[in-house]
Amino acid sequence: MGKVSSAIINTENVYGDLEVAAKVSGVPVKDVDVDILAVHTKYMIGEGEIQSVEDLSIFDNDEFFLNPELHIEQSYRVRYYDKTVTEKTHLPKIAIASNKTLTKIRAKILADSEVRYTADLADELENAINRTLLKYGFLIGIRSNNLKNEIRRVASLIRVNGALIEDVIFDVAQGIEPLEPIDDAMIYHYKNKVENADDPNSSVLSVVSENETIIEYVKSKPGRNGRNLKGELIAVTEAKNENAVEIKTTEKIRKEEDDKSIRYIAISQGYVSDEGGVYDIKEKLEVNSVNLKTTGSIEAGVDSDVTINVTESDVLKDAIGPGMSIETSTLNVQGSVAEGASIKARSVTIGGLTHAKSAIESVDADIATHLGTLTCSGEAKIDRLEGGSVRARVVNVNVAVGGSITGEEVYINELNSNCTITAAKLVVINQLRGRDNRIIIDIMQTPEYAKNLKIHTDEKQTLDKELRKLKAKLKDKLSLINSNKNSVAYVKKRVEELSATGAEAPAGLLNKLKDYQGLVYEYNTIAKHYRVQKERYDEVIAIIQKMQDMIFDSKVVNKGRWVELNDIKFELIEPRKSICYVTKENELARVITIRHLEIAGEHIYEIKKSNEMPQELL
60 MGKVSSAIIN TENVYGDLEV AAKVSGVPVK DVDVDILAVH TKYMIGEGEI
110 QSVEDLSIFD NDEFFLNPEL HIEQSYRVRY YDKTVTEKTH LPKIAIASNK
160 TLTKIRAKIL ADSEVRYTAD LADELENAIN RTLLKYGFLI GIRSNNLKNE
210 IRRVASLIRV NGALIEDVIF DVAQGIEPLE PIDDAMIYHY KNKVENADDP
260 NSSVLSVVSE NETIIEYVKS KPGRNGRNLK GELIAVTEAK NENAVEIKTT
310 EKIRKEEDDK SIRYIAISQG YVSDEGGVYD IKEKLEVNSV NLKTTGSIEA
360 GVDSDVTINV TESDVLKDAI GPGMSIETST LNVQGSVAEG ASIKARSVTI
410 GGLTHAKSAI ESVDADIATH LGTLTCSGEA KIDRLEGGSV RARVVNVNVA
460 VGGSITGEEV YINELNSNCT ITAAKLVVIN QLRGRDNRII IDIMQTPEYA
510 KNLKIHTDEK QTLDKELRKL KAKLKDKLSL INSNKNSVAY VKKRVEELSA
560 TGAEAPAGLL NKLKDYQGLV YEYNTIAKHY RVQKERYDEV IAIIQKMQDM
610 IFDSKVVNKG RWVELNDIKF ELIEPRKSIC YVTKENELAR VITIRHLEIA
660 GEHIYEIKKS NEMPQELL
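All residue numbers for the sequence shown refer to the working numbering, where the first residue is 60 and numbers rise by one.
Put into structure tokens, the structure is as follows:
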């Protein structure tokens with residue numbers, strides 16, 4: 060390489076001088092490399108004197124390192140050489156990475172099967188790492204106390220294993236990460252709980268639990284500067300104090316304060332009310348109407364213990380407006396429910412009518428005039444049903460004029476025409492005034508029953524398949540046993556004869572006898588398992604049959620006379636079939652049930668009519 064083949068100089072710009080040296084010597088830059096022979100570190104505080112430092116541990120002191128007036132400089136004694144003519148120790152590839160703020164540097168030394176241990180391996184590895192640090196402008200030797208130990212560890216691994224058999228990762232240096240300041244903030248937690256809080260159609264009604272924080276003032280906290288491994292100060296801004304406001308509350312909200320925040324906490328469950336700048340927890344909401352202009356949709360939550368009373372009673376006005384949604388524990392509405400309204404509650408009372416395109420979901424409900432869709436897990440009471448849909452465990456309807464009713468038990472005072480009534484156990488009609496009604500008894504309408512039936516039906520099918528397979532296996536095993544019975548009997552007799560004379564039976568005979576015994580054992584094991592599963596199969600069949608028999612306790616009761624052309628249907632489970640009956644004009648059959656007869660091995664299901672009222676329905 061000529062002039063730079065072994066040039067040693069002092070420099071503050073290692074790679075800048077490398078390019079100069081290469082140019083002067085007429086050697087391509089790619090062929091020139093550098094060894095770092097020494098590092099000279101200086102620092103200055105503000106406008107003070109420049110201090111040379113040998114012991115770099117001074118920078119390990121965080122307070123000193125974070126002094127905003129600290130300035131660090133390094134210069135280097137290096138040797139430039141021509142890589143093409145200078146022999147160097149083979150080193151594994153080294154990758155250097157840093158975090159975003161340049162406050163942490165990690166090294167990854169890649170596995171290398173060709174690297175070998177030499178006396179200067181550790182020095183060469185350290186030099187290679189330092190060269191990379193310089194290339195990216197990092198300081199050398201500052202806040203990197205553990206580097207030499209990690210490099211010696213790598214060298215030891217190579218010495219012991221004869222190569223570097225896996226990647227090694229370690230920290231090279233650690234600066235100081237800045238801590239961002241915390242600006243003060245007023246957090247209205249109760250508002251953040253409301254779904255669709257940004258929707259102008261939604262109310263800000265928010266339900267909170269006992270001991271729940273509803274409002275919180277987060278106090279500001281100053282940050283802390285950092286300094287990266289290039290020696291650069293990472294300054295942070297001052298914390299802001301712009302959001303402190305006075306919070307006024309009633310006795311239902313308590314105040315707690317510590318160094319971090321001031322918290323306003325609900326003493327009891329309810330919804331947060333802000334009236335005239337005074338916050339309160341209330342359990343009852345009184346509104347004239349729920350619509351886009353007044354409240355918007357209200358989502359207090361079904362489990363909130365919040366009662367909403369809607370007082371609008373004018374039949375020409377909607378108490379709950381079009382498209383409005385209400386979720387609360389208890390809802391009392393004096394007036395009507397408009398098109399597209401949606402209600403979810405534990406208890407619902409509606410004094411007006413429900414639109415055909417409204418939907419209500421509750422545990423219990425009491426509605427004056429119902430045209431919409433109602434689903435209850437408990438009891439539904441309807442004064443007048445006009446084409447609406449009702450599903451509940453128990454349904455009570457005063458007057459039914461068309462519509463659909465589904466429940467375990469259904470009670471109708473006055474039934475007119477064009478109704479579909481589906482019950483699991485009982486239908487009771489006090490007065491029948493119309494025709495073209497469909498009355499269906501289907502115990503599958505009981506959710507718990509339907510669930511249990513499915514479980515046992517699935518088990519029956521699984522057991523049925525298993526029993527068929529086991530039966531086939533038993534048949535095959537028995538066939539083998541029977542086909543070998545005579546030859547095994549001969550073998551057994553021959554073995555006994557030889558044993559009586561003191562002679563040893565041939566291994567072939569003993570093995571044949573052993574194989575046969577193993578076959579019998581397998582058969583008995585399968586047969587035992589078959590018996591166990593067959594017993595369970597019979598149990599499941601009995602359970603399903605018992606559930607089926609429930610339908611024979613179901614009743615359709617009409618306390619008056621029948622009108623013609625009303626269909627009554629009983630849905631069987633096993634077998635799945637319908638038993639139907641069409642009523643006759645002026646027919647007196649107060650109780651209609653279904654019975655099961657077995658005649659000459661044939662199962663017959665037929666309608667049974669009686670005029671004897673059950674005692675409990677008198």
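Just so it is clear, CB atoms sit at the ideal spot from N, CA and C, and this is done for glycine as well.
{"Asked": "Simplified DSSP state of I426, which is helix, strand or coil", "Found": "strand"}
{"Asked": "Nearest-angstrom Cα separation, counted from D501 out to A424", "Found": "23 Å"}
{"Asked": "Segment limits, beta strand (DSSP E) that includes E128", "Found": "Looking at the DSSP string, E128 is not in any beta strand (DSSP E), and its letter there is neither H nor E."}
{"Asked": "Given V554 as reference, the closest of K440, G567, K544 once Cα atoms are compared", "Found": "G567"}
{"Asked": "Beta-carbon proximity check, T652 vs K614, cutoff 9 Å", "Found": "yes"}
{"Asked": "Per-residue burial, N583 [other beta carbons within 10 Å of its own, 16 or more giving buried]", "Found": "exposed"}
{"Asked": "Closest by C-alpha distance to G107, when choosing among D92, E146, L491, H130", "Found": "H130"}
{"Asked": "DSSP-derived helix/strand/coil call for A178", "Found": "coil"}
{"Asked": "Integer-rounded CB distance, given that L288 should sit under 8 Å from D198", "Found": "Note on identity: in this sequence residue 198 is Leu, with Asp being the wrong assignment. 6 Å between Cβ atoms; contact."}
{"Asked": "V73 (DSSP reduced to helix, strand or coil)", "Found": "helix"}
{"Asked": "Pairwise C-alpha distance: K618 and K667", "Found": "16 Å"}
{"Asked": "DSSP-derived helix/strand/coil call for N455", "Found": "strand"}
{"Asked": "Supposed contact pair I153 and T191 - C-beta distance, whole angstroms, cut 8 Å", "Found": "7 Å"}
{"Asked": "Inter-stretch contact (C-beta, 8 Å, three-pair minimum) for the stretch 124-144 and the stretch 158-175", "Found": "no"}
{"Asked": "Cβ distance (whole Å) where V349 is taken to contact G380 below 8 Å", "Found": "6 Å"}
{"Asked": "Rounded Cβ spacing between V231 and I164 (contact assumed at less than 8 Å)", "Found": "4 Å"}
{"Asked": "Inter-residue spacing [alpha-carbon to alpha-carbon] between V137 and I67", "Found": "6 Å"}
{"Asked": "One or two residues paired with Q592 in a DSSP bridge", "Found": "Answer is none; Q592 lacks a bridge partner."}
{"Asked": "Nearest-angstrom Cβ-Cβ length linking A397 and D373, presumed shorter than 8 Å", "Found": "With 8 Å as the limit, A397 and D373 do not qualify as a contact, their Cβ atoms being about 13 Å apart."}
{"Asked": "Sheet register partners of K314 (DSSP bridge)", "Found": "Y323"}
{"Asked": "Backbone CA spacing between D92 and I188 [nearest angstrom]", "Found": "13 Å"}
{"Asked": "Cβ contact check for the stretch 115-124 and the stretch 177-184: 3 or more pairs under 8 Å", "Found": "no"}
{"Asked": "Minimum C-alpha distance to Q674 - residue among I632, R202, T366, V616", "Found": "V616"}
{"Asked": "Contact the stretch 634-645 vs the stretch 508-521: 3+ CB pairs below 8 Å", "Found": "no"}
{"Asked": "Cβ-based burial, K299 [other Cβ within 10 Å; buried from 16]", "Found": "exposed"}
{"Asked": "Coil, strand or helix - V554 by DSSP", "Found": "helix"}
{"Asked": "Chain-order list of residues whose beta-carbon lies under 8 Å from that of E665 (same chain, five-residue window excluded)", "Found": "I638, I653, R654, L656"}
{"Asked": "Limits of the beta strand (DSSP E) - the one that Y640 falls within", "Found": "637-641"}
{"Asked": "Exposed unless 16 or more other CB atoms sit within 10 angstroms - verdict on S157", "Found": "buried"}
{"Asked": "Assigned exposure category for P151 - 16 Cβ within 10 Å defines buried", "Found": "buried"}
{"Asked": "Nearest neighbour of T296, chosen from N284, E305, N302 [CA to CA]", "Found": "N284"}
{"Asked": "Expected contact under 8 Å - CB spacing of I340 and K311 to nearest Å", "Found": "4 Å"}
{"Asked": "CA-to-CA distance, Y589 to K530, given in whole angstroms", "Found": "8 Å"}
{"Asked": "Euclidean distance between Cα positions of E185 and I109", "Found": "28 Å"}
{"Asked": "Own chain residues within Cβ distance below 7 Å of N203, not counting five before or after", "Found": "Note on residue identity: the sequence assigns Ser, not Asn, to residue 203. Correct list, in chain order: V231, A232."}
{"Asked": "Inter-stretch contact (C-beta, 8 Å, three-pair minimum) for the stretch 264-275 and the stretch 244-252", "Found": "yes"}
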